[in-house]
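There are 2 protein chains.
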Amino acid sequence: MKATTLSTSTTPGEQFRAGFTRHIIHTPQLLTAVLDVDGGPWAAPDPFHSHPHEQITYVVDGDILFLAEGQDPIRLTAGDLFAVPSGVPHSIQLLSVRARLVDTFHPIREDFL
Amino acid sequence: MKATTLSTSTTPGEQFRAGFTRHIIHTPQLLTAVLDVDGGPWAAPDPFHSHPHEQITYVVDGDILFLAEGQDPIRLTAGDLFAVPSGVPHSIQLLSVRARLVDTFHPIREDFL
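The listed protein sequences derive, respectively, from chains U and Z. For the first sequence, my numbering gives the first residue as 33, with consecutive numbering after it. For the second sequence, my numbering gives the first residue as 33, with consecutive numbering after it.
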């Protein structure tokens with residue numbers, strides 16, 4: 033198996049929902065989606081969602097509110113991260129006009145491929 | 033188990049080698065190390081290294097050369113990524129003065145904790 037690379041500046045992303053574009057790279061057990069969101073700020077958070085996959089997100093750019101069920105919401109900005117164990121309901125609210133989030137999952141999100 | 037967050041701007045990183053500082057966050061099966069490297073550019077790449085862990089890296093800032101054994105080196109800059117399957121020998125060469133890399137691994141790097 034070979035190493036691979038991806039350029040988000042020269043490769044078109046996939047718009048999978050209005051205001052949401054993503055670029056995906058993966059190995060057998062690890063998947064990263066670079067998520068560009070625009071059309072903010074949002075008046076309210078997205079509804080909570082959960083998945084068996086563990087997730088770590090790095091905020092490259094923008095301001096978000098990170099929400100996990102039963103925990104205080106926390107404002108995150110460029111250089112901040114959040115980590116979500118398997119099955120924990122979570123959500124974000126976009127507080128800036130746009131944001132770039134780097135979402136990495138284990139196992140891979142078959143639903144993204 | 034709870035979700036967690038990390039701010040790399042307000043939390044001190046760990047300098048684990050001259051010119052290398054990292055911040056770490058993890059779930060049971062996923063670990064992200066935000067790596068700040070300075071003292072570049074380097075005259076040559078680091079020696080190849082490998083690990084059983086799968087790795088995906090996002091380049092936040094800076095310019096690097098990414099090398100994987102048996103493959104052509106490729107220059108990466110902000111917004112680019114590389115993905116390394118288990119056991120593939122790989123390395124980087126820092127081409128700019130500094131860089132920030134977001135390295136995510138599965139399983140977690142027990143040697144980083």
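By construction, the Cβ of each residue, glycine as well, lies at the ideal position given by its N, Cα and C atoms.
- Z:Thr89 counts as buried, since at least 16 other C-beta atoms from the protein chains shown sit within 10 angstroms of its C-beta.
- About 17 angstroms separates the beta carbons of Z:Gly45 and Z:Leu126, which is beyond the 8 angstroms limit, so they are not a contact pair.
- With the rule of 3 Cβ pairs closer than 8 angstroms, the stretch 80-89 of chain Z counts as touching the stretch 99-117 of chain Z.
- The C-beta of U:Ile96 comes no closer than 8 angstroms to any C-beta of chain Z.
- Under the DSSP definition of a beta bridge, U:Ala100 partners with U:His122.
- Fewer than three Cβ pairs drawn from the stretch 99-114 of chain Z and the stretch 37-53 of chain Z lie within less than 8 angstroms of each other, which leaves the two stretches out of contact.
- When the five nearest sequence neighbours on each side are left out, the beta carbons in the same chain lying within less than 6 angstroms of the beta carbon of U:Phe137 are those of Leu63, His85, Gln87, in order along the chain.
- For U:Ala65, the closest of U:Ala76, U:Phe98, U:Ala75, U:Thr53 by C-alpha to C-alpha distance is U:Thr53.
- Boundaries for U:Ala110: no beta strand (DSSP E) harbours it, and the DSSP string shows neither H nor E there.
- The beta carbon of U:Ser39 falls within 8 angstroms of a beta carbon belonging to chain Z, placing the residue at that interface.
- Look at the stretch 123-138 of chain Z: the residues with a C-beta under 9 angstroms from a C-beta of chain U are Arg132, Val134, Thr136, Phe137, His138.
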